[in-house]
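Using full-length UniProt numbering, read the sequence shown as starting at 1 and increasing by one per residue.
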Amino acid sequence: MPEPGPAPLRLTADAWESLFRAQVAVMRRLRRDPSFQKLALGEYDVLFNLSRCPTGWTRLNELNNHLLISQPSLSRMVERLEAKGLIQRKQAPEDQRGVLLALTETGRELQRDIGAAHVRCIHALLGPVLDEAEMHQLLALTTKIRHSMENK
1 MPEPGPAPLR LTADAWESLF RAQVAVMRRL RRDPSFQKLA LGEYDVLFNL SRCPTGWTRL
61 NELNNHLLIS QPSLSRMVER LEAKGLIQRK QAPEDQRGVL LALTETGREL QRDIGAAHVR
121 CIHALLGPVL DEAEMHQLLA LTTKIRHSME NK
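See the structure below:
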């Protein structure tokens with residue numbers, strides 16, 4: 001049996017459009033979730049990504065690789081989050097131009113609180129739509145896409 005080849009151009013475009021529109025629809029619903037009254041979704045994304053750092057600290061430019069905002073926008077957001085007492089920064093010891101970021105204890109607590117509500121909201125939105133097998137399939141497909149982009 002021959003290996004399947006690449007998808008036709010039109011199917012690829014239709015699938016991308018569908019994925020993008022589904023993501024937009026879900027994000028619009030998530031923005032209305034009451035858990036994001038305390039912190040904007042984009043600001044929460046920064047806290048979430050910082051919470052996943054194994055050492056607790058990450059470089060500003062590494063954080064920027066996980067977000068959909070420009071470096072100048074991230075720098076301004078970092079200043080706002082630092083002013084709110086949610087993150088801290090310091091110079092990278094091996095590179096005086098580098099900036100390291102980490103959550104404060106207050107930031108970690110807020111991320112956990114919002115995160116727990118956020119997960120319940122996502123489950124309420126997607127749980128009734130996709131069964132367990134479909135969730136596994138969605139996870140596998142989106143992971144495959146993401147990993148292929150990281151290797152380019």
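All C-beta atoms in this analysis are idealised placements derived from N, C-alpha and C, irrespective of residue type, glycine included.
Beta-carbon proximity of residue i to residue j, cut-off 9 Å
{"i": "Q91", "j": "T104", "result": "no"}
{"i": "L125", "j": "M135", "result": "no"}
{"i": "M77", "j": "V46", "result": "yes"}
{"i": "E43", "j": "R80", "result": "yes"}
{"i": "I114", "j": "F36", "result": "yes"}
{"i": "L86", "j": "T58", "result": "no"}
{"i": "M27", "j": "L11", "result": "no"}
{"i": "residue 221", "j": "A7", "result": "Shown here, the chain extends from 1 to 152; a query on residue 221 therefore has no answer."}
Span separating the alpha-carbon of residue i from that of residue j
{"i": "K144", "j": "G56", "result": "27 Å"}
{"i": "A116", "j": "A13", "result": "35 Å"}
{"i": "K38", "j": "R120", "result": "17 Å"}
{"i": "L63", "j": "N49", "result": "7 Å"}
{"i": "S73", "j": "P4", "result": "42 Å"}
{"i": "R112", "j": "L9", "result": "42 Å"}
{"i": "N61", "j": "D33", "result": "29 Å"}
{"i": "L130", "j": "T142", "result": "15 Å"}
{"i": "R108", "j": "E17", "result": "35 Å"}
{"i": "L30", "j": "A133", "result": "23 Å"}
{"i": "P54", "j": "P93", "result": "18 Å"}
{"i": "M149", "j": "Q137", "result": "19 Å"}
{"i": "K84", "j": "L67", "result": "20 Å"}
{"i": "L139", "j": "N151", "result": "18 Å"}
Extent of the continuous alpha helix (DSSP H) to which residue i belongs
{"i": "Q137", "result": "132-150"}
{"i": "L74", "result": "71-83"}
{"i": "V26", "result": "9-31"}
{"i": "L60", "result": "60-64"}
Start and end residues, beta strand (DSSP E) containing residue i
{"i": "R89", "result": "87-92"}
{"i": "Q37", "result": "Here Q37 belongs to no beta strand (DSSP E), and DSSP marks it neither H nor E."}
{"i": "V99", "result": "95-103"}
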